[in-house]
Structures are given as structure tokens and as C-alpha cells.
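Residue numbers (our numbering), protein chains in the order written: chain A, 935 to 1089; chain B, 3 to 503.
Single-structure report; data block below.
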């Protein structure tokens, strides 16, 4: 009896002091901080087979660029001139990402902005235009597309 | 035989397709230091599918007029911050299956003060393709080094303010702000156009090109650089005189106000055709609700076509700004997100707000965006926004801050006073400010009431807004100003500030 009285008093006191909460939910705050992170992969190169005659020629197969981000980023596509081995002759090439609205050349870069976390999947296309046969010697031409990923200049 | 064919296909794929892949974190490193400090940082490179050699090099950012950053290889002579930063390695091997870290240190010289921005370019090496166009992917990690040195002020200059013809002859407001201080800060601006009767024609939020299409309204401006803010006037400006009032916010405590009178002549600008301006009207034009946690409420928005052609209307949701903590977008349910609106007819879009049971008291906000789509291309041609506000609870603790107080003399009117008020509470406010001005000796000079500008009736949580009034001309000098802030008739704060004329 004495023990029971002692137990009831102790539990009552503890409840009053909020040490034991009977039939109540206790919420424990949890804070998780995820660091801004970006990952990307590109599958290329972008190849063209140009017969040499005047006209416009599309890529053999598009290249693929995939970016995964959990933060706002800017993607800038820039192209170098596409040059012949001797570096004197350049090709007139235009590239675009997904649609013709997003074109870029060696003069005009393309800037795309991703405003939130997302998976950005894109296809990169191109078109070579031969304006005159004699201006483009036969052979291999090289160029580079640089994709620069940077944090969005925030607001 | 089958094995040989498979091997050949595999080899062809490998020869024709190179795969480059890797990642980095973080993309921004913020270091708050004092002169003489030494700080360490770490960059983590995440692997792709194949082994890669990754180069790390320093670049210096150049801020362009549209606010975006361009990167140039760092020239240690003209870019001293590059000399303070060292990386333990400038080239690392990243092997699949394991992350690789690169440690770096920043040693700030004792003479430094202000913001220094450097870029660490992380660039996986890519072999040049034997045929075709080679791809390079690189990551620009921005290192913001802020060196706290007493006495360095945040200053900004308005270098250009004009109304010009845009590409299609449309009227475009242009303002340029230059960061004349050693600190970086956020800048934003808005311009109001009033007619010769001082009636509001339009209030336009002006933004740099780099923020186009984003949900941001302000941009970070780096020391020594200039940014151009643009905004298109959508209302027709009939020939006559107009007053342009610019309000620019910079940093936590800065504001620039500017007043200019312009004359618009016949043929100065092209305006969109009348039927393109008001393709549709919406009713109601805003949704204001007060609900309890767990409650659901539905409401319809009527869309009325104002043109003689059918149009597709897409309904989307847009946050007040990116990562807004008082967003209610997740609580909005839309049954229809695209409707065909017949010429000069109307339709209704039901919108349901479902408040979670554990929602905490405060006010929550978002926008319903109605896009009119071109029936041929499917691209948006115009948009209308219906703001949605929801209040949960009855008792709130109000917290506001007077970020800045400025005055500008307007010929023929007096001094235009502007207070930039920040609402740091969790509920929207509809403030009014009573301002009493005293001279250096403490003598009463003037009393004025400042109100929100026309067309604005509230300040959302964690947002700023300027309140303004025009008072009789003040003599040059330094004044002491007492400000009492009220919301819905109740005093919520009081401040004292100084004002220099």
C-alpha cells in the first residue's frame, strides 16, 4: 500500500514536471541540410558526314547532355570555330539544344537557366552549311562545344 | 560467332561515342573572414562512369550588363584574390565508385576589405574526338570571400535612367546601377509612370536580362560592376507629359529614388494591338482566404474571352519567389490545367485549397498564372496572374524593420519621402507609417503619413515594400525622424532614424 502510494505520487510529480508524458506525442525536430550538388554526363561526339557540295547537312546522330541538379544553375553552351587541319578554313556550323529556338554558334553562346532542382535532359543537334565548294577543302574538321555549369546569380 | 558479333558492336559503340560524366559540390562557397584570417574549404568531385583526370584552375568573373557572369582565366597581376587561394592539387584523378576531395585554403592579407569573388573551374580532361565535335563539360565553383573591415560602406550609383524604344518599337524602361562600393549586394528596382494629373499609369518591376523567365526579382551586383534593369511598358502612353519615379533597393539598407519628367510624342513608340492587350479577363482578380488547419475550400475563377478567336488557356502555379518559405503552392489542387476558351465566351476553373492539419499560423501565398497559348505554336502569348493569399490563425506577432529612409526634391511638389519597410513576421501586413521630423535642436518640423503605393495593399512575409509621401520642401541639414508603423490600425513598431537633406 505504501509502495503504491509512493508510485502514484512519484508519477504525478513527474507528469507535473513534464518528465513523463502519458498518451502524448513528443515531436523531435530534425534538420537535414542537403548541399547544392550538380552532376552531368555527355554522350558524343557530334559527327557530320558532308559530301562537299553546296547545301546544308545535319548531324549523323545527335549528342546527349544530361544534368542533374538540386539547386538553381546556369548552363552556357559555347562553340569553338570548326576548323580544318591547317586552321585556315572554318566551317559554317550552327548548333542547337532540343529545339531551334536554343541555337548557338562560335559567335553567339546559348545560356539556359534552371531555376530549381531538376533532371535536365537534352539533345544537341547541328547543321553544317557549305556556301561554296572551293572554300572548304576535303578532309577532317575539328571543333569543341564547351558546356559551363555555374550557380545562378541569385535574386 | 555470336560472341564476335557482340564484341564488334561493343567496340563500334566505344569508338564512336565517348561518355563524359562527373559532378561537383558545392557550387558556391561563402567565406566570411577578417583581414589576416586563414580559412579552409573543400570541393568534392563525384565520379562518372569512367575514370577521369580533372583539372582545377582559377578564373575571374566579369559581370555583364545583363547581370550574368562571364569567366576569364585569372590574371594574378590584375586580380589579387587569385594569389590568396591555394588548392592542394590542381589536377586529380576521379575513379568510379568513390568521391574525391580537394582541399583549399584562403589566406586573406591584412590590407584586404570587402567582397572578392573568384571562380574555381573544375574541368574533366576530354580527349579530342578523331572525327566531329568534341564536348567539354566544366563547372564554375564560385568562391565569395567577404572580408569584414570596419568603415567600408555599401554604396550604389544610378548611372542611367531612360525610356527608350525596344526592338519592336515598344516603350522600354532602362536603368543602370553601378556598385561603387567594395561589397557585393542584391539590387532590385521598380518604376511608376504617372500622367500629368499624377494618376498612376503603370507600376513596372524592372529586372536584368539574366533573371528573365526566373522567379527572382533582385540580382547580386559585384563590386565595380554595373547592371542594367529593364521593364516593358504595357499600357498605352498617349502623347503628353509623364512622370517616371524610380525606386531602387541595394543591399540591406540602401535605396535610391529618382524622379524624371518625360514627354511622349505621337509615333514615339509602338503598342500591342488592343485585342492583344486584354485577351482575357479574370474574376476574381485575387483570392484571399482565412482557413483552419485541415480545412478545404474550393473556389472558381471565371475566365472571359475578350477577343473574336478561340484560345487555349493553360493554368499553372508560380511561387512568390524561388524557395519562398510561406508558399502555398503545394496546397493548391487544380482539376483543369488547360482549357479551350471559345471566342467571347467564358468558362470556369475550379481551384481547391487543402490546408494540411499541421499547418502553423501565419499567412501563405502563391500565384495562379493563366497563360494564353498561341493555337498554332502552343507558345504563351500573354499571361494574367491571380495572387492567392491564405491566413491561418488569429493572433500574430508582428515584426518589421525600416531598412532605409530617403528623400528626393521634386520641383513644384516638395520632398518625396520614401521608407523601405521589411516585413520579417510570418503574416502579411497592410502598413501605414506616421513620420515626425525634428531638426538638429529637437524642434518639430513636419508630420506626414506614408502609405503603400497605389495598387499595392500588403507586404507579404519576408518581403519589402516602399511607403511614400510628398511633403513641403525641407531645408538642407540633418533631421531626426520618428516613425510609427501601424497595421490595420494597430501600432506594431516604432523607430528613430536620421535623414540628411
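All C-beta atoms, glycine included, are put in the ideal place defined by N, C-alpha and C.
As the structure is a prediction and not an experimental result, all values here were calculated from the model.
Against residue 982/A, what residues of chain B qualify as contacts under a CB-to-CB distance less than 7 Å, listed in chain order? 134
Residue 983/A burial status per 10 Å Cβ neighbour count (16 or more: buried): exposed
What is the residue span of the alpha helix (DSSP H) that residue 333/B lies within? Neither: residue 333/B is in no alpha helix (DSSP H) and is coded neither H nor E.
To the nearest angstrom, how far is it from the Cα of residue 1065/A to the Cα of residue 988/A? 6 Å
Under 8 Å between C-beta atoms, does residue 377/B make it to chain A? no
Return the residue from the list 47/B, 317/B, 456/B that minimises the CA-CA distance to residue 342/B. 317/B
Under a CB-based cut-off of 8 Å, is residue 217/B close to chain A? yes
Out of curiosity, what's the CA-to-CA distance linking residue 1054/A and residue 142/B? 18 Å
Bounding residues of the alpha helix (DSSP H) (the contiguous stretch that carries residue 83/B): 83-86
If you run the structure through DSSP and keep just helix, strand and coil, what is residue 226/B? coil
By the three-class DSSP mapping on this structure, what secondary structure does residue 356/B have? strand
Quick check on residue 98/B - is its C-beta less than 8 Å from some C-beta in chain A? no
So is residue 1032/A in contact with chain B if we call contact Cβ pairs under 8 Å? no
What are the complete beta strand (DSSP E) segments, minimum 3 residues, inside the segment 149-231 of chain B? 158-167, 173-181, 187-196, 202-208, 221-223
Counting only runs of 4+ residues fully inside the segment 78-129 of chain B, write out the alpha helix (DSSP H) ranges in chain order. 83-86
In chain order, which continuous runs of the beta strand (DSSP E) of length 3 or greater are located wholly inside the segment 300-350 of chain B? 313-320, 334-336, 340-343
Option in 365/B, 313/B, 364/B with minimal Cα separation from residue 376/B: 313/B
Show which residues of chain A have a CB atom less than 9 Å away from the CB atom of residue 320/B. Neighbours of residue 320/B on chain A: none; closest Cβ ~11 Å, over 9 Å.
Give the interface partners of residue 141/B over in chain A, defined as CB-CB distance under 8 Å, in chain order. 972, 1082, 1083, 1084
Whole angstroms are fine: how far does the CA of residue 290/B sit from the CA of residue 395/B? 14 Å
Where residue 53/B falls: helix, strand or coil (DSSP): coil
Determine, for residue 144/B, whether the minimum Cβ-Cβ distance to residues of chain A falls below 8 Å. yes
Alpha carbon of residue 1080/A to alpha carbon of residue 125/B, nearest angstrom: 10 Å
Any beta carbon of chain E sitting closer than 8 Å to that of residue 130/B? Within the model displayed, chain E is absent; protein chains A and B are what it includes.
Reduced DSSP secondary structure (H/G/I, E/B, other) of residue 1051/A: coil
Where residue 1069/A sits in the DSSP three-state scheme: helix
Helix, strand or coil at residue 1040/A according to DSSP, with G and I counted as helix: coil
So residue 423/B and residue 437/B are supposed to be a Cβ contact under 8 Å. How far apart are they, rounded? The pair is not a contact, with the Cβ atoms about 12 Å apart (cut-off 8 Å).
Three-state secondary structure assigned by DSSP to residue 445/B: coil
Excluding the 5 residues flanking residue 140/B on each side, which residues of the same chain have their C-beta closer than 6 Å to its C-beta? 123, 125
Quick one: residues in its chain with C-beta nearer than 8 Å to the C-beta of residue 34/B, no 5 flanking neighbours on either side, listed in chain order? 148, 150
I'd like the list of long-range same chain contacts for residue 441/B, defined as Cβ closer than 7 Å, with 5 residues on each side in sequence excluded. 447, 479, 481
Around the C-beta of residue 433/B, are 16 or more other C-beta atoms found within 10 angstroms, so that it is buried, or is it exposed? buried
As assigned by DSSP and simplified to three states, the class of residue 476/B: coil
CB-CB length for residue 65/B against residue 71/B, believed under 8 Å: 6 Å
Could you give the residue range of the beta strand (DSSP E) that holds residue 459/B? It is not in any beta strand (DSSP E) - residue 459/B carries neither H nor E in the DSSP assignment.
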